[in-house]
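Residue numbers (my numbering), protein chains in the order written: chain A, 1 to 488; chain B, 1 to 900. Here a beta-carbon is modelled for each residue, glycine too, at the ideal position from N, C-alpha and C. Input: a single structure, listed below in C-alpha cells.
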Amino acid sequence: MAQRAIWLVSHEPGTPHGGTVRFSRRYPTVEKRAKTFNGSSYVPLPEDDPFCKALLFELRLLDDDKDFVESRDGCSRISKASVYGLPIGGKELWPVLALQKNGLIYVSVPLVEQTLSAHPPLISISGISQAFDLLFGLIDFFDSGPRTEADLSTKVSQLPDLLLHICPFGTLLDSNFLLDNFSNLSIYQAPKQPAWKAGTYKGKPQVAVSITEKVKSMQYDKREVADMWQVYGTITCKCDLEGVMPNVTISLNLPTNGSPLQDILVHPCVTSLDSAVLTSSSVDIMDDSAFSGPYKFPFTPPLESFHLCYYTSQVPVPPILGFYQLKEEDSQLKITVHLKLHESVKNCFEYCEAHIPFYNRGPITHLEYKVSFGQVEVLREKSLLIWIIGQKFPKSLEINLSGTVNFNTMGHQKQPVDTICIGGTTYVKLYFRIPDYTLTGCYADQHSVQVFASGKPKITTCRELISSDYYIWNSKAPAPVAYRSLFL
Amino acid sequence: MGPRSADAWARVLAALRASPAAFVARAGAEALAAELLSELRSERLSEPTKVSLLAAILEFPTQLWPDPTAAEAAVSALLDTLALLPPRPAALRRPLLLAATSVLASCGALAPASAATSRLLCVLLRAAAGRAAGPEQRAVRATACECLRELESCHPGLLAGQLGLLRALQDTLGTQAHCLLFVLTLRDALGALARAGPGAPAGLHGLLAARTDSPRGGETQACDRSPDSPGAQWPGPWDWSLAGEDVRDPAAPVGREGGRPEPSAGPLDLTPPEARELRAAVSQLLDASYLLTPPAQAQMLQQLSQVLRTVRGQPPALLKPQLVRLLGTARVSLLHAVLASKDAFGEALFTAQDEALLLRRLVGAAQHPALPSPARLFCLHCLLHFPENWPLGPAGEEGTPVLLTPSLATGLLPSLLQDPPDLLARLHLLCLLCGEELGADGRRDCQGTEDQVLLYLQGLLASLRQGAAQPGAPRSSVTLCFRASYLATRCLASHPGALAQLTKGLAELYQARPCLAPHFVDLLEQAGEVLAEPLGKALQQVAVAGAGGAQALQWHLQILTKVAGGQPLGPTLGFLWAALGQGGDWAWEQALLGACRALLRGTDLSGAGPRNLANLLQELARGLDDPDSRDRGRLYYSLFTHLSGSKLGSALGPTRSTPMLGSSLVEENEGFASALTVQEAQAPLQLRRVPQQAKEPPVILGLTVEASEILYSLELRFRVLGPHYEPLEAVQVPCLRPGASPKLLLLPLEPRRPYPTLLDVSVLYATPGGLTCYAQLPSLPIAFADLFLPLPPPSPEVTHPPTFQELWASCLPGGAESCMWGPWQGQALETLVTKHWEPFVMSATPPTSYRVAIRLPPSSQLLLQLEAAGEDGVRVALRTDDWAILPLAGEYLRGLGATL
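Here is the structure:
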C-alpha cells in the first residue's frame, strides 16, 4: 500500500513541449519492492522529461492529434477510473493515476504487489485508493487560495517539505495538505488525541454551519421524454472549540413538506450514523414512509473547515420550469424562451441569467428581440446571448424572450466544433443563486448544534441554492436524454 | 573543485533531479556522494540547504550508491552526522533518519551482517521509544516509527522480535505512528510464524510478552546515556530468525480478483490464551482507529483483516462496529478498505442484508454528484468487481453483481453530456446489464424493458456517430464513438437487428468521413468476427462506391486492404481499375498493391474474377511509374498465375519468423557491420546542367544524372551555400542504370536575394550488393544569369502595360543606374542579344538598338539599353530598382565582353 512516485505537471498549451514537470518525487524503497513484486513485468520509472511527454500524449494534451495512433486512439484501450498505461521505452508503465484540474495534472503511480503481466483489477491494488486520497488532497491544496502563478510557485516550493511529513516513504499518512503550519501535522500528534487534529484551538468558541444546495435539471418540453431534476447538497462546518476532543452533534431539520435527504455521505470524523440515515437511498421509490429527519451527525471536529456531509434529494418540482423553441427560417433562427418560477420558490435571487449559446453557426451578425422582463446582452463573437433576469421574477412569475438571430456562416470555420449541438439541437442554460434558501427545505439553526464542551459557542448558520447544469433543451429538435428521463 | 555555495547546490540538485542517470554518469557517483555527505557537516551551509541535500539522498540513493558496501558506509556517515548534532531542536534530525533508512533499505545494505543496520535499528528504536513531550521530540518519534515501518515493509519480520516493545509503546503512547508500526509488525510476525510452523523459535505469546528487551531496560543504559552516540549497538545480536529474505506477499490476500496465491503455509493455530491476547490487541487497535487519519485507518483496517485471516478460527466480527462507521463515509480509501474486508471474509462478516446495503451505498456513491468524477468512476469500477458472497460469474472478470438490477442502476446509465471517461464506464455497465438481461432466455416477461434498454443504447451510439461525423470533429470525439461501438459490439452479439443497425450506422459514418479509415481498421481488428464480417462488407461497398472523391482514395485503399479479401472480387477490381487511371505517387502505388495483395489472399477466386485480377496485376507490373512498384506487381502476377490458392495464401501471408541456424548466423554476421553502416564512396554518377528557361518563378535549375554502374534508391541532397536561398528538398531516384537515358531533374530555386551561389550536392544510394553508400559530388555554380526571368505578363485588368520608358523612369530614385561600354562590333551585338537576352527584349531596332528588361526573383528588375555606336562598340546603359545588384550586373556584362 504505497506510491512509487508522484508528479505534478502543468499543461501549457501552445508551448513547444505542451507542458512541464513542476514537481516530482520518487520513492526508492517502494521501487525496490516494486521490482520484487512485479518480477519480469517490472517497468522502471522514467525520468521527468520522457514521462511528461508520454503523459501529455496519452491525455491528448499535445497539439499533434492529427493522426490516428493506436496506442492512444485504439478502440479497445479504454482507461478505467483515470488510470492510464503510458508507453515508456517499449514497455507500458501501469497503473498511472492522473487527475486534471485547472491546468495542472496530478499524477501518482501506486505500487502493485503482484505481477503485472496482465493488468489486475484496480480494486485488488491496495495502493490505488490511497493514490486517490493523495491526489484529492493535493488538488485541494492547490485549489485553495488565489490561482496565480506566484501562488502556484509558492505551493510547489512547499511540497517537498509537506511530503517529507505527510508521505515520507510513499505511504500516505494524511491526505490533508491544507495546514496553517507544520505544527498541525498528524506527525506532531500528542498521545490520545486524533491524528487529524494535532493542535488545539484557543479562543472564543464558535460553530459555523453552511448548507449549499445545487440543482441540476434537464427540461425537454416533450411528451415522450420526462424532464429531470436533481438536488444535491453539501454541509460545510468550521468548529472553533477548546478542548482536545470536543463532541458536537449537528441535526439537520426538514419542514413538514420538505424533501427527504438521500445518499448521505459523511466526513470520517462522524462517530456514528443512524441506520435510517445510512439506508435512505435515491434508488428507492419515494413514498411517505421515507425517513425525513432530523438527521443527526455526532462528531469530533477537526481544526479546519470541513465538509460534514453530502446528500442528494428528489424534490417534486424544478425551481424554474422553462421551454425553449428554436426554428430555422430563411437563413435566420427564430427563438422563443419561456421561463416560470415555481410559486413555492423564494423570489429573491442574488443573480439569475439565462445563457443562450449557438453552436456550429459562426458569429452573430444581427439580432432582433423582445423580452417581457430583464435585459439581453449579445456576445457576437462567442455566438452567445445572455438574458439577465436580475434579482426577482415579476409578479406573474413568468417571463418570455423571443427574437430572430442571423449568423455569419463564413466565420464558422474558426470556431470550435460542438459534437452534441448539431442542427437544431441546442439549449438554454440557467445560472442562478438564491441566498438563504434550500430547495429541500433543509435547515440548521441555533438549536441544531449541540456542543458538549465548556463555554457556550456562538453559532452561525447559512444556506443557499445554486444552479448547476440547468439545461432547457430546444423542444423542436432531438436532445440528449438520460435513461432516467425515458423510463421514470 | 572548491566547496559549492547554496545556489550552486540548488543548481546541482536540479540537474540531478532532471536526469539522475546522466548527471551521475557525468559527475561520478562516488565523488558526488562523498561531497554530499561531507557537506552535511559543513558549517557554511544553512539548514534548509542541508535538508535539500538530504532530500536528494532520500530520493536517489540507488544512483548515488549503486554498491551495498558503499551504501552501508554512507549510512554510517549519516548516523555519525546525526550523532554530531547538538541536543537542541534541529531541522536535520528527521531528514537524517529518513535518508539513512532510505539508503539502507533501497541499496540492499539491510542485512544481518551489516553493522550499519544494527546501528540504525538501535537509533530508530530508541528514538521511537523516547518519552520527551516537546513537538520536536514528538516529530522525531513519529519519524522513527515511520522509518522502522519502512524497514519492516522492505524486510517483513525484521521487527518481529520487538513486537512486545512495540505493543508497549502503542499502549502507552498510542499515536498513529506507533499504531501503524505495531499493526504491520504484528501482521508480518504472524505471517512468519505461520510459515515457520511448529519450528518457530517463539510463539505469539513469547513475542508479545518480550518487553524486557526495551532499550530502556537495564542492559541498555549505555545507549540511554548518549542517545545518538556513534558507536551505539543493539545489546546482543539482533533477532533475524523471523525476518524473511526480502519482501513477499503479505500474509493474507487482499483481493481475490488479483489472483494472489494463498500463502503457502496454512492458517496459524494459536493456543486459546494466545488467541485471547491477539483478540484483545486487535480490539484495542480498532477502538482507537477513529483517532487515525483516513488513509491510516484504511491501512490499519486492511492489515488487521490480514492478521485475522492468518490465524485459524478468528471470527472477523471484531471488525463489524468499525465497518458501520466507515460505510457512511465519502472517502474512497475507506470504502476500498471495507470492500477489501468484505472480499476477505465474505458472509462471515457481511450477511445478505449487509451485502445489499453495501451495494446500495456503492451505487449511491458511484452516482453522487457531490463527489469528484474520478472517485465516482472508481466506485463504478468497484461495482463491476463487487466481491459478492456467492459470485455466479468467473472470478477476475468484470460483471454486474446479481443484486444490481437495471432499476437499481438507472442513475448509473450513460448520457451524451457526460465526460468521455464517465460515458464509457457507464456505457460499459449498460452493455453488461444488456448482455445479462438479453442473454437470459427465461426472462421473457420483461421484454418491454429489454427493448427500451436496447433502444436507448442504439440512440446513444447514433448520437455519438453523429458527433464524430461532423466535419472537423476533434479526434477525441471520434475515439469516443469507436470505443463505445467496440463496447456495444460485445453485448449485441445475440441481437442481429441491433448489430445490423450498428453496422449500417458505422458505414454511414465512413461514407461521411472516409478519413476515419484507420479507426475502422482498428475496430475491425479489435471487435471480433461478429462485427468484422458485416461491417467489412458494408465498408467495402462504401469504399468501392468511391465516396468522398479523389481525396478519399487513400482511405478507401486502406479499408480495402483490410476487408477486400473476404468480399466478392468484382466490385473491388472495378474500383482498383478506376483508381489506376488516376495515377499517384509511390505511396499511392503501394496502397494499390496492398489492396491487390488482400485480394490475392482472399477466398473468392471463382468465375471471371481471377482473370480480371490477373489483368489488373499485369497492368500494374507494366503501367506503374515506380520501378519498385512495378517489380512488386510483377511478383504478384507471377505468384498468382503459378501458385494454387492455399500456397498463395501462405506465400503472401504474414511472415513467420523461422529459427536461424548457427552457421547462417555466422555467415550473415560477416557482412553485418558493413551492411549496417553507410559507406563513403567515390561518386559513380555525373551531374550535368541542362539549360532551362522558366517563364515565371520559381527559377528552374535543370540537371541530368547519369550513372556508371547500377544504383538503387538514390537520394540526392542539395544544399545552397550561404543564406540567400530557401532550402532545397532532396530528390529521390529509384534506380539508375549505365547506358540508360540520363534522368532529368528539375530543381526549383527560390532565392531570397538574387545573388549567384554554389550548390553543394551529395548522394546516398544502395548498391546491388546491398550496401548503402554516401558520396559527395562536385559543387555546381548558380550564376547571376541563371536567375533571369522575363517580366511578368501584364494582368488582364491593366489596360496599358507599362512601357520600357516608364519602367526605366520608375527605377529611380530608389534604385541605381550605371553606364558602360561593350566591345561588340558589327553583327556581334545582334548575336549577343539573340543568344543571351532574346526572351527579355521589350523593344528593338535591329541591329543597332535593343531594350532589355529582366526580372530577378524574388522582387528585383534589371533594365538594359544597348545602342551600337558604329565600329567603336556598344554603349550600355543599365538601371535597376535594387542597388545591391548593380555590381553583379556590371560583372556579368564584363564577363560577356570577355567571352567575345
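Checklist entry - How about residue 954/B and residue 163/B: do their beta carbons lie closer than 8 Å? => result Since the first residue shown for chain B is 1 and the last is 900, residue 954/B is missing from the structure and cannot be characterised.
Checklist entry - Which residue spans inside the stretch 104–143 of chain A form an unbroken beta strand (DSSP E) run of at least 3? => result 104–110
Checklist entry - Thinking C-alpha only, which one of 569/B, 314/B, 305/B, 303/B is nearest residue 274/B? => result Numbered from its first residue, the second sequence carries residue 274/B at position 274. Of the candidates 569/B, 314/B, 305/B, 303/B, the one whose C-alpha sits nearest the C-alpha of residue 274/B is 314/B.
Next on the checklist: Strictly below 9 Å CB to CB, what residues from chain A border residue 522/B?
Outcome noted: Translated into the one-based positions of the second sequence, residue 522/B becomes position 522. Within chain A, the residues near residue 522/B are 68, 70, 73, 74, 75, 76.
Checklist entry - Between residue 752/B and residue 887/B, which are expected to be in contact by the criterion C-beta below 8 Å, what is the C-beta distance as a whole number of angstroms? => result In the second sequence, the residue the question calls residue 752/B occupies position 752. In the second sequence, the residue the question calls residue 887/B occupies position 887. Contact doesn't hold; Cβ gap of about 18 Å is too wide.
Item to check | Own chain partners of residue 179/B with C-beta closer than 7 Å, once the 5 adjacent residues on each side are dropped | outcome: Residue mapping note: residue 179/B aligns to position 179 of the second sequence, counting from 1. Closer than 7 Å at Cβ, skipping near neighbours: 170, 285, 288, 292, 300.
Checklist entry - Does the Cβ-Cβ distance between residue 66/A and residue 469/A come in under 8 Å? => result As a position in the first sequence, residue 66/A is number 66, starting the count at 1. As a position in the first sequence, residue 469/A is number 469, starting the count at 1. No. Outside cutoff.
Checklist entry - What residues of chain A sit near residue 62/B, judged by a beta carbon separation below 9 Å? => result Here residue 62/B refers to the residue found at position 62 when the second sequence is read from its first residue. Near residue 62/B (Cβ distances below 9 Å), the residues of chain A are 28, 31, 32.
Checklist entry - Can you list the alpha helix (DSSP H) stretches of 4 or more residues lying completely in the stretch 13–62 of chain A, in chain order? => result 28–38, 48–58
Next on the checklist: Among the candidates 363/A, 123/A, 484/A, 311/A, whose CA atom is the shortest distance from the CA of residue 384/A?
Outcome noted: For this step, residue 384/A is matched to residue 384 along the first sequence. Minimum Cα distance to residue 384/A is reached at 363/A.
Item to check | Where the alpha helix (DSSP H) through residue 14/B begins and ends | outcome: Taking the second sequence and counting its residues from 1, one reaches residue 14/B at position 14. It spans 6–18 - the alpha helix (DSSP H) in which residue 14/B sits, taken as one unbroken run.
Checklist entry - Under the rule that 16 or more other beta-carbon atoms within 10 Å means buried, what is residue 406/B, buried or exposed? => result Residue mapping note: residue 406/B aligns to position 406 of the second sequence, counting from 1. Buried, because 16 or more other Cβ atoms sit within 10 Å of the Cβ of residue 406/B.
Checklist entry - Are at least three pairs of beta-carbons, each pair with one atom in the stretch 242–253 of chain A and one in the stretch 191–210 of chain A, less than 8 Å apart? => result yes
Checklist entry - Does residue 204/B get closer than 8 Å to chain A when you measure Cβ to Cβ? => result Working through the second sequence from its first residue, we reach residue 204/B at position 204. Taking Cβ atoms only, chain A never reaches closer than 8 Å to residue 204/B, which makes this a no.
Next on the checklist: Quick check: is the beta carbon of residue 268/A nearer than 8 Å to any beta carbon in chain B?
Outcome noted: Position 268 of the first sequence, counting from 1, holds the residue named residue 268/A. With 8 Å as the cut-off, residue 268/A counts as an interface residue toward chain B.
Checklist entry - Going along chain B in order, which residues have a C-beta closer than 9 Å to the C-beta of residue 227/A? => result By 1-based counting over the first sequence, the position of residue 227/A is 227. Those within 9 Å of residue 227/A in chain B number zero; the least Cβ separation is about 14 Å.
Next on the checklist: Quick check on this structure: which residue in 420/B, 352/B, 128/B, 414/B has the alpha carbon closest to the alpha carbon of residue 401/B?
Outcome noted: Locating residue 401/B in the second sequence gives position 401, where the first residue counts as 1. Measuring from the Cα of residue 401/B, the nearest candidate turns out to be 352/B.
Checklist entry - Mapping DSSP to helix, strand and coil, what is residue 523/B? => result Residue mapping note: residue 523/B aligns to position 523 of the second sequence, counting from 1. Correct three-state label for residue 523/B: helix.
Item to check | chain A contact residues for residue 382/B, given Cβ-Cβ distances below 7 Å | outcome: Numbered from its first residue, the second sequence carries residue 382/B at position 382. Result: 123.
Checklist entry - alpha helix (DSSP H) containing residue 166/A: first to last residue? => result For the purposes of this step, residue 166/A is taken as residue 166 along the first sequence, with counting starting at 1. Per DSSP, residue 166/A belongs to the alpha helix (DSSP H) from 149–166.
Checklist entry - Are three or more beta carbon pairs between the stretch 215–235 of chain A and the stretch 415–424 of chain A nearer than 8 Å? => result no
Checklist entry - For residue 623/B, does the three-state DSSP call read helix, strand or coil? => result Here residue 623/B refers to the residue found at position 623 of the second sequence. Of the three classes helix, strand and coil, the one that applies to residue 623/B here is helix, per DSSP.
Item to check | Partners in chain B for residue 475/A, counting only beta-carbon separations shorter than 7 Å | outcome: Stepping through the first sequence from its first residue, residue 475/A is reached at position 475. Chain B residues near residue 475/A: none, gap ~17 Å exceeds 7 Å.
Item to check | contact_flag[the stretch 473–488 of chain B, the stretch 23–32 of chain B] where n(CB pairs < 8 Å) is 3 or more | outcome: no
Next on the checklist: If contact is defined by three or more beta carbon pairs under 8 Å, each pair taking one atom from either stretch, is the stretch 271–280 of chain A in contact with the stretch 288–308 of chain A?
Outcome noted: yes
Checklist entry - Out of 687/B, 587/B, 11/B, which has the shortest C-alpha to C-alpha gap to residue 780/B? => result On the second sequence, residue 780/B is found 780 positions in, with the first residue counted as 1. Residue 780/B has its Cα closest to that of 687/B, out of 687/B, 587/B, 11/B.
Next on the checklist: Against residue 183/B, what residues of chain A qualify as contacts under a CB-to-CB distance less than 7 Å, listed in chain order?
Outcome noted: As a first step, residue 183/B is located in the second sequence; it is residue number 183 there, counting from the start. Those within 7 Å of residue 183/B in chain A number zero; the least Cβ separation is about 12 Å.
Next on the checklist: Measuring alpha carbon to alpha carbon, tell me which residue in 176/B, 209/B, 889/B is nearest residue 161/B.
Outcome noted: Position 161 of the second sequence, counting from 1, holds the residue named residue 161/B. Checking every option, the nearest Cα to that of residue 161/B belongs to 209/B.
Next on the checklist: Using the Cβ count rule (16 or more neighbours within 10 Å means buried), how would you classify residue 471/A?
Outcome noted: Taking the first sequence and counting its residues from 1, one reaches residue 471/A at position 471. By the neighbour-count rule (16 or more Cβ atoms within 10 Å), residue 471/A is buried.
Item to check | Terminal residues of the alpha helix (DSSP H) in which residue 777/B lies | outcome: The count along the second sequence starts at 1 and reaches residue 777/B at position 777. Residue 777/B -> not in any alpha helix (DSSP H); beta strand (DSSP E) instead, spanning 772–782.
Next on the checklist: Does any residue of chain B have a CB that is nearer than 8 Å to the CB of residue 60/A?
Outcome noted: Along the first sequence, one-based indexing puts residue 60/A at 60. Yes, residue 60/A counts as interfacial toward chain B.
Next on the checklist: In this structure, how does DSSP classify residue 820/B when only helix, strand and coil are distinguished?
Outcome noted: Taking the second sequence and counting its residues from 1, the one referred to as residue 820/B is at position 820. Residue 820/B: strand per DSSP, three-state reduction.
Next on the checklist: Between which residues of its own chain and residue 391/A is the CB-CB distance below 8 Å, once the five residues before and five after are set aside?
Outcome noted: Sequence index remark: in the first sequence, residue 391/A carries index 391 (1-based). If we look at residue 391/A and ignore the five residues flanking it on each side, its Cβ neighbours are 348, 349, 350, 351, 352.
Next on the checklist: I need the straight-line Cα distance from residue 498/B to residue 492/B, nearest angstrom please.
Outcome noted: Here residue 498/B corresponds to residue number 498 of the second sequence, with the count starting at 1. Here residue 492/B corresponds to residue number 492 of the second sequence, with the count starting at 1. Taking the straight line from one Cα to the other gives about 6 Å.
Item to check | Which listed residue (3/A, 374/A, 389/A) has its alpha carbon closest to that of residue 163/A | outcome: Position 163 of the first sequence, counting from 1, holds the residue named residue 163/A. Out of 3/A, 374/A, 389/A, 3/A has the C-alpha closest to the C-alpha of residue 163/A.
Checklist entry - CA-CA distance, residue 770/B and residue 630/B? => result Taking the second sequence and counting its residues from 1, the one referred to as residue 770/B is at position 770. Taking the second sequence and counting its residues from 1, the one referred to as residue 630/B is at position 630. Cα to Cα, residue 770/B sits roughly 20 Å from residue 630/B.
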